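These notes concern the structure reproduced below.
Number of protein chains: 2
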Amino acid sequence: MSRHGVIDEIAQGCLMGRARMLARVLTGIYDDAMRPFGIKASQLNLLVVVAQLGPIRRIDIGRTIHLDSSTLTRNLQVMLANDWIEETASAEDGRGRPLRVTAQGRALLQKLSGAWKDAQRKARKLLGTDGEAMLLDLSSGLPRPDAP
Amino acid sequence: MSRHGVIDEIAQGCLMGRARMLARVLTGIYDDAMRPFGIKASQLNLLVVVAQLGPIRRIDIGRTIHLDSSTLTRNLQVMLANDWIEETASAEDGRGRPLRVTAQGRALLQKLSGAWKDAQRKARKLLGTDGEAMLLDLSSGLPRPDAP
DNA sequence: GAGAAGATATTGCATATGCAAGTTTCAGAG
DNA sequence: CTCTGAAACTTGCATATGCAATATCTTCTC
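In the order they appear, the protein sequences are chains A and B. Each residue of the first sequence is one higher than the one before, starting from 1 at the first, in this note's numbering. Each residue of the second sequence is one higher than the one before, starting from 149 at the first, in this note's numbering.
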């Protein structure tokens, strides 16, 4: 242990650092599980949001899972190209072109659900019951980005 | 709530999704705090690891904070260019060129420590005492990527 | 109905992340 | 001493992420 208080404090205690590390480790687990299906774990998470809440606008997806709109524009492009999701309204809509899951997207979700459960099991084992509960609780408690 | 079990289960319960979301929210808090200092929060976390454990090789940084080597190659380049860190050994080292913090890097750490503490306070407030303890605990309990 | 105000989406720029493949360098076998 | 294998690093490719600025479309006001 070094004698530089600030450095140690940040290195050991930074909540962001810990959260990012945890996210990296978990992402690895789920990405491994999803690889056979040609979908990244982060894309799966977007897909289930659209499947559950769609038709839903990008901005509302962002509010739900704390993602920037510009990130969504790009991440969703890949998913649109893969025909997992589609835009609902015609181009003349303008402000907001809500997205929904396609039949293919829904089928994919069914196909990979077993693999996802395996990954979830592994993650659960890694975190322990307490950890799992706390993580779910923590993320539920996050204040929604100001809705109008 | 929809009637599609799998979708709801993943949307609500995916530990990876929650962890990534939490990481995004926290990253926002610390990035805001670090912006005046011209350093990203993720870079700060790398910097403190080097400051605390340096001279340290990329691979060992990776093992410590669960980061891929290729990611480190690139992320550290920016920090080398900013003269926050430097390579220690002369070119004849070969396998492994350990990194250490520079005087400038150390000075930067001192300068931003107050702002970091503010961010940490905000994060703590957001997560609560329980959440904080659990997050620190969780991330400490992660199995070290196999050391030789 | 034209123009202002506001919301939504996209684009440019920079960084973060990881896999697979390739490179460099060291250490040990013979 | 040379060859070979392992370890550390780098590069190519693809995706993820967010800020600032811009574009687009809606609605409200006059």
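C-beta: ideal position from N, C-alpha, C; glycine also. As the structure is a prediction and not an experimental result, all values here were calculated from the model.
Option nearest residue 233 of chain B by Cα separation, candidates B:203, B:166 and B:170: Numbered from its first residue, the second sequence carries residue 233 of chain B at position 85. Comparing Cα positions, the closest option is B:203.
Option nearest residue 38 of chain A by Cα separation, candidates A:83, A:9 and A:140: Walking along the first sequence from the start, residue 38 of chain A turns up at place 38. Among A:83, A:9 and A:140, the Cα nearest to that of residue 38 of chain A belongs to A:83.
Proximity test, Cβ basis, 9 Å: residue 191 of chain B and chain A: Looking up residue 191 of chain B in the second sequence gives position 43. Taking Cβ atoms only, chain A never reaches closer than 9 Å to residue 191 of chain B, which makes this a no.
CA-to-CA distance, residue 261 of chain B to residue 249 of chain B, given in whole angstroms: Numbered from its first residue, the second sequence carries residue 249 of chain B at position 101. Numbered from its first residue, the second sequence carries residue 261 of chain B at position 113. If you take the alpha carbons of residue 249 of chain B and residue 261 of chain B, they lie about 16 Å apart.
Residue 253 of chain B burial status per 10 Å Cβ neighbour count (16 or more: buried): Here residue 253 of chain B refers to the residue found at position 105 when the second sequence is read from its first residue. Looking at its Cβ environment, which holds 16 or more other Cβ atoms inside 10 Å, residue 253 of chain B is buried.
Integer Cβ distance of residue 247 of chain B from residue 173 of chain B, believed to fall under 8 Å: For this step, residue 247 of chain B is matched to residue 99 along the second sequence. For this step, residue 173 of chain B is matched to residue 25 along the second sequence. Wrong, their Cβ atoms sit about 30 Å apart, outside the cutoff.
Cβ-based contacts, 9 Å cut-off: residues of the region 76-106 of chain A near chain B: 101 and 106
Collapsed DSSP secondary structure at residue 56 of chain A in the structure displayed: The sequence position of residue 56 of chain A within the first sequence is 56, counting from 1. Strand at residue 56 of chain A.
Same chain, Cβ closer than 6 Å to residue 57 of chain A, five either side skipped, listed in chain order: Taking the first sequence and counting its residues from 1, the one referred to as residue 57 of chain A is at position 57. Here the set comprises 96 and 98.
Backbone CA spacing between residue 132 of chain A and residue 288 of chain B [nearest angstrom]: The residue labelled residue 132 of chain A in the question sits at position 132 within the first sequence. The residue labelled residue 288 of chain B in the question sits at position 140 within the second sequence. The straight-line gap from Cα to Cα measures roughly 15 Å.
9 Å Cβ cutoff, residue 38 of chain A in contact with chain B: For the purposes of this step, residue 38 of chain A is taken as the residue at position 38 of the first sequence. Not closer than 9 Å to any Cβ of chain B, the Cβ of residue 38 of chain A fails to qualify, so no.
Contacts around residue 263 of chain B, its chain only, beta-carbon distance under 6 Å, and the 5 residues preceding and following it disregarded: As a working mapping, residue 263 of chain B is identified with position 115 in the second sequence. The residues are 181.
Backbone secondary structure at residue 91 of chain A - three-state DSSP: As a position in the first sequence, residue 91 of chain A is number 91, starting the count at 1. Only weak support is given to the placement of residue 91 of chain A: the predicted model assigns it a pLDDT of 40, under 50, and the question is left unresolved by the model.
Residue 268 of chain B to residue 178 of chain B span [Cα, whole Å]: Residue mapping note: residue 268 of chain B aligns to position 120 of the second sequence, counting from 1. Residue mapping note: residue 178 of chain B aligns to position 30 of the second sequence, counting from 1. Using only the alpha carbons, I get a separation of about 8 Å.
Residue 127 of chain A, DSSP secondary structure in three states: The residue given as residue 127 of chain A occupies position 127 in the first sequence. If DSSP states are grouped into helix, strand and coil, residue 127 of chain A belongs with the helices.
Top-ranked residue by Cα proximity to residue 165 of chain B, from A:144, A:14, A:59 and A:66: Within the second sequence, the letter at position 17 stands for residue 165 of chain B. When only C-alpha atoms are compared, the closest one is A:66.
Integer-rounded CB distance, given that residue 167 of chain B should sit under 8 Å from residue 23 of chain A: The residue labelled residue 23 of chain A in the question sits at position 23 within the first sequence. The residue labelled residue 167 of chain B in the question sits at position 19 within the second sequence. That belief holds up - the Cβ atoms of residue 23 of chain A and residue 167 of chain B are roughly 4 Å apart, short of 8 Å.
Proximity winner among B:275, B:256 and B:227, relative to residue 184 of chain B (alpha-carbon distances): Numbered from its first residue, the second sequence carries residue 184 of chain B at position 36. Residue 184 of chain B has its Cα closest to that of B:256, out of B:275, B:256 and B:227.
Chain B within 9 Å of residue 18 of chain A, Cβ atoms only: For the purposes of this step, residue 18 of chain A is taken as residue 18 along the first sequence, with counting starting at 1. Judged by the 9 Å Cβ criterion, residue 18 of chain A is in contact with chain B.
Residue 143 of chain A versus residue 74 of chain A - alpha carbon distance: Against the first sequence, residue 143 of chain A aligns to sequence position 143. Against the first sequence, residue 74 of chain A aligns to sequence position 74. Rounded to the nearest angstrom, the two C-alpha atoms are 25 Å apart.
Between the CA atoms of residue 77 of chain A and residue 87 of chain A - distance to the nearest angstrom: As a first step, residue 87 of chain A must be located in the first sequence, where it is residue number 87. As a first step, residue 77 of chain A must be located in the first sequence, where it is residue number 77. Going by the C-alpha atoms only, they are around 11 Å apart.
Contact list for residue 169 of chain B against chain A, beta-carbon separation under 9 Å: For the purposes of this step, residue 169 of chain B is taken as residue 21 along the second sequence, with counting starting at 1. Going along chain A in sequence order, the residues near residue 169 of chain B (Cβ under 9 Å) are 23, 45, 65, 66, 67, 139 and 142.
For residue 20 of chain A, three-class secondary structure by DSSP: Taking the first residue of the first sequence as position 1, residue 20 of chain A is located at position 20. Here residue 20 of chain A sits in helix by DSSP.
Range covered by the beta strand (DSSP E) that runs through residue 247 of chain B: Here residue 247 of chain B corresponds to residue number 99 of the second sequence, with the count starting at 1. Note, residue 247 of chain B: beta strand (DSSP E), 247-249.
Minimum Cβ-Cβ distance from residue 207 of chain B to chain A less than 9 Å: Looking up residue 207 of chain B in the second sequence gives position 59. Not closer than 9 Å to any Cβ of chain A, the Cβ of residue 207 of chain B fails to qualify, so no.
Span separating the alpha-carbon of residue 110 of chain A from that of residue 46 of chain A: Numbered from its first residue, the first sequence carries residue 110 of chain A at position 110. Numbered from its first residue, the first sequence carries residue 46 of chain A at position 46. Rounded to the nearest angstrom, the two C-alpha atoms are 15 Å apart.
9 Å Cβ cutoff met for residue 156 of chain B and residue 43 of chain A: Residue numbering aside, residue 156 of chain B sits at position 8 when the second sequence is read from its first letter. Residue numbering aside, residue 43 of chain A sits at position 43 when the first sequence is read from its first letter. Against a cut-off of 9 Å, the Cβ pair of residue 43 of chain A and residue 156 of chain B comes out as no contact.
Exposed unless 16 or more other CB atoms sit within 10 angstroms - verdict on residue 11 of chain A: Position 11 of the first sequence, counting from 1, holds the residue named residue 11 of chain A. With 16 or more Cβ atoms within 10 Å of its Cβ, residue 11 of chain A is classed as buried.
Length of the line joining the Cα atoms of residue 196 of chain B and residue 72 of chain A: Residue mapping note: residue 196 of chain B aligns to position 48 of the second sequence, counting from 1. Residue mapping note: residue 72 of chain A aligns to position 72 of the first sequence, counting from 1. Cα to Cα, the separation comes out at about 31 Å.
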